[in-house]
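See below for the structure under consideration.
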Amino acid sequence: MQINLISDTVTRPTPAMLEAMMRAEVGDDVFGQDPTVNRLQARAAAMFGKEAALFCPSGTMTNQIAVKVHTRPLDEVVCEEGAHVYRYETGGYAFHSGAAIQPVPGRWGKLTAEQVAAAIKPQHDWLPRTRLVVLENTTNTGGGSYYTLDEVRPIRALCRRHGLRLHLDGARLFNALVETGERTEDWGACFDSISICLSKGLGAPVGSLLIGDADFIAEARRFRKVMGGGWRQAGYLAAAGLYALEHHVDRLREDNARARRIGKVLAGLPWVKEVRPVRTNIIVFDLADHLTADMLLAKLEAHGILAAPFGPQTVRFVLHLDVTEEMVDRTIVVLQGLKM
Ligand SMILES: *Cc1c(COP(=O)(O)O)cnc(C)c1O
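Encoded structure:
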């Protein structure tokens, strides 16, 4: 049995999802004529109480398009220092948008309104102009922590006061919403734009959604095209996304619960120094001083368990659709049996 905890991107479509893909009615999405893409976009917009949405190949593209539409060259983006948009998108904010970035160290990947306020630059010729704030929910490098609406609303108010745009990198937003019970409409009301990944825990093979006002999405379509993201019969992939939104949201609870189970076990092991609070489907933990991530990963791999290094002495496990209860049991047995 191979157990892949590297990322929630590794999921394969279920037979029922493949069935939905095969039955998809398709057209040419560059002309806006793919009925399944249009249905997915309408559904996503409605979920968040927004006017429009755009189906894109990746979350990197949806984030980068958002930065592009919200900023002009010489503007600055504020985000947490571990944010995907800063760390893992090849510096695209500079490449696509000519924007500067102000990373801010937060707690578990989260920022407070006070921290955002302190990062806003005064207006001088010699400073970039603060223009956009990007929040990530759940936080990836923060170990799957999440914001609640009560934490986001003061940041929303601050952005309004300062004329700043607010974008949500909600790659794993639904992993948080199944815990808090908060409504997508209320999240939609807090942000100018939202990016959602269908290809993570939701289990679609490919695809992300960018959600916002009609004018914003009209501009976003142009930038998707110039980035080479104008795709034709994308309805086959949109069908997977629709299936995921209908069938795979509530079950994220199981992934979160399984992560908590493994997190508890890890916290009791003598060779684990610290487990970051496990709030959703991500577990990030630091190893005792005599161990490296590579040493642990090699031992796990010998037992058929794959995971990712997250630092020289830090390891990440991610739970997802393709990790069953039986695999979790097995992982726990292996962890408890390791001689480190
Ligand atoms: C995965 C991820 C993205 C998008 O990644 P792609 O691989 O480009 O789809 C964006 N933000 C966060 C926090 C992510 O984890």
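Okay, so the sequence shown: first residue is 71 according to the working numbering, each after it adds one.
By construction, the Cβ of each residue, glycine as well, lies at the ideal position given by its N, Cα and C atoms.
All figures in this text were calculated on a predicted structure; none of them were measured in a lab.
Nearest by alpha-carbon distance to residue i: which of the options is it?
| i | options | result |
| --- | --- | --- |
| A187 | C149, L243, G162 and A169 | C149 |
| G119 | L181, A329, F261 and A164 | F261 |
| V354 | I375, R330 and L238 | R330 |
| F244 | Y216, G407 and L236 | Y216 |
| P127 | R142, I190 and L280 | L280 |
| W178 | S167, N133, E151 and A290 | E151 |
| F101 | R292, V348 and A337 | R292 |
| G277 | A153, N74, N133 and G251 | N133 |
| T209 | L197, R242 and H194 | R242 |
| K369 | L219, V404, A337 and M297 | V404 |
| L144 | Q111, W196, G299 and E121 | W196 |
| L110 | A227, G305 and E255 | G305 |
| G271 | A246, T401 and P173 | A246 |
| R226 | T211, W257, D283 and W301 | W257 |
| L219 | L228, E252 and H232 | E252 |
| G105 | Q303, I402 and P192 | For the record, residue 105 in the displayed sequence is Pro; it is not Gly. It is Q303. |
| G233 | K191, L124 and S167 | K191 |
| L268 | G298, A284, Y313 and E95 | Y313 |
| M92 | R349, L307 and R199 | L307 |
| M410 | A112, G129 and D359 | D359 |
| A333 | D285, R142, V345 and F165 | One point to set straight first is that residue 333 is Gly, not Ala, in the sequence displayed. The candidate whose alpha carbon is nearest that of G333 is V345. |
| R323 | G298, H390, R294 and D285 | H390 |
| A284 | E95, T250 and A112 | A112 |
| L228 | G298, A94, Q185 and E95 | Q185 |
In the DSSP assignment, what are the bridge partners of residue i?
| i | result |
| --- | --- |
| K180 | R177 |
| C126 | S278 |
| N74 | L376 |
| R235 | L202 |
| C149 | P173 |
| T384 | D356 and G381 |
| S263 | H237 and G282 |
| E95 | BP columns for E95 are empty, so no partner. |
| V342 | L357 |
Look at residue i and residue j and say whether their C-beta atoms are less than 8 Å apart.
| i | j | result |
| --- | --- | --- |
| V147 | A169 | yes |
| L357 | K343 | yes |
| E289 | V107 | no |
| V388 | N351 | yes |
| E221 | A153 | no |
| R328 | V398 | yes |
| M87 | G374 | no |
| R230 | L202 | no |
| D239 | V296 | no |
| G311 | T81 | no |
| T254 | M131 | no |
| G282 | A122 | yes |
| G338 | A363 | no |
| V248 | V319 | yes |
| S77 | A378 | yes |
| T200 | S167 | no |
| I287 | L124 | yes |
| G161 | R349 | no |
| K180 | G129 | no |
| L75 | L376 | yes |
Could you give the C-beta distance for residue i and residue j, rounded to a whole number, given that I count them as a contact under 8 Å?
| i | j | result |
| --- | --- | --- |
| A309 | A90 | 5 Å |
| I171 | Y158 | I171 to Y158, Cβ: 13 Å. No contact. |
| P224 | A189 | Contact doesn't hold; Cβ gap of about 14 Å is too wide. |
| P83 | P347 | The pair is not a contact, with the Cβ atoms about 32 Å apart (cut-off 8 Å). |
| L361 | W341 | 6 Å |
| V335 | Q383 | Between Q383 and V335 the Cβ distance is about 19 Å, and since that is not below 8 Å, they are no contact. |
| Y156 | P173 | 5 Å |
| R294 | I73 | Wrong, their Cβ atoms sit about 36 Å apart, outside the cutoff. |
Check the Cβ-Cβ distances between residue i and every residue of chain D, and say whether any is below 8 Å.
| i | result |
| --- | --- |
| H194 | Included in the structure is just one protein chain, with no chain D present. |
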